Structures are given as C-alpha cells and as structure tokens.
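Encoded as structure tokens, the structure appears first; notes follow it.
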Amino acid sequence: MSESKQGKLIAGKNHCDRCGQARPVHECAFSFRQTYQHWKALWEARTGRRLTNRRKRRLLANEEEQLDLKALSGIVYWMDLCQPCFAECESAPRPGFPQEFWEAVLRTPIRMTA
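Under the numbering used here, think of the first position of the sequence shown as 159, with each following residue one higher.
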C-alpha cells in the first residue's frame, strides 16, 4: 500500500521544492509500502526472468545496479510542496518502482498556466 501524507504548513518557508513557485508549502511524504512478493512479481514481469536466490545475490552484489527488493518498502520521499504540487503527486499512479515515481512525478514540476 503506497501512501501520500501532507503534514503541517511550514512557517517561514514559501518555496515549493517541486515547482519553485513562491507559495506556502507543507511537509509532504510519499511512501511505497508493499510486500516483498509485490516487488518480486514486478521485477519478474519487467525482466521476463524468475528471481532465483542466485540472481538476488548477484543483484545485491552489483554496485552499478544494486537492487534490494526488501528495502524498497522502506523508501519514503520527503518534500516541501505547495498545494497544487501535492494534489498532482498524490493523484499520480504508482505502478512501478519508487525511483520511477521520483523521476516521472516528484522531480517533474507541474506546468503553470498564465
């Protein structure tokens, strides 16, 4: 179960970490709590290969592409976001791995219309 939480309004800070606009911001958190079986099934579906114990050891040992499926559920992204950015991030789908959500949603600012 993935969660999005919007915390308290941060007094004295008026700069959104995502869009850069000068607006009141809240402390926001995005977590990715799923079972190991969920992450394993996602990895197997993406690669088309079974995740054996031997393959797990290789993934953990590979320094460039290190992947620990058990650790993915502990990832939480904390950001200071304005209300429009939080609403967009909260409603965005999370079908993949946490890093993909970071790249596709959290790191990508909303497009402001004039």
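Backbone N, C-alpha and C fix where the C-beta goes; we use that ideal spot for every residue, glycine too.
Just so you know, these numbers come straight off a predicted model, no measurement behind them.
Any 3 or more C-beta pairs closer than 8 Å across the region 238–250 and the region 178–185: yes
Checking the sheet assignment: what are the DSSP bridge partners for W236? Start at 1 with the first residue of the sequence shown, and residue 236 comes out as number 78. Beta-bridge pairing links W236 to A187.
Buried or exposed (CB count within 10 angstroms, at least 16 for buried), T271: Within the sequence shown, numbered from 1, the residue matching residue 271 stands at position 113. The predicted model places T271 with a pLDDT of 45, which falls under 50 and marks its position as unreliable; any figure quoted below should be read in that light. Taking all protein chains shown into account, T271 has fewer than 16 neighbouring C-beta atoms within 10 Å of its C-beta and is therefore exposed.
Could you tell me whether the Cβ atoms of P251 and I233 are closer together than 8 Å? Working through the sequence shown from its first residue, we reach residue 251 at position 93. Working through the sequence shown from its first residue, we reach residue 233 at position 75. Note that the C-beta distance between P251 and I233 is not below 8 Å.
Closer than 8 Å by C-beta to L225: which residues in its own chain qualify, once you throw out the five before and the five after it? Chain order, please. Residue 225 sits at position 67 when you count from the first residue of the sequence shown. Counting only Cβ-Cβ distances below 8 Å, and skipping sequence neighbours, we find W201, L217, L218.
Sequence-distant residues of the same chain with beta carbon closer than 6 Å to K228, five excluded per side: Within the sequence shown, residue 228 is the residue found at index 70, counting from 1. Y194.
Tell me the residue span of the beta strand (DSSP E) that contains K228. On the sequence shown, residue 228 is found 70 positions in, with the first residue counted as 1. K228 -> no beta strand (DSSP E), and no H or E assigned at all.
From R265 to A203, what distance separates their C-alpha atoms? Against the sequence shown, residue 265 aligns to sequence position 107. Against the sequence shown, residue 203 aligns to sequence position 45. If you take the alpha carbons of R265 and A203, they lie about 25 Å apart.
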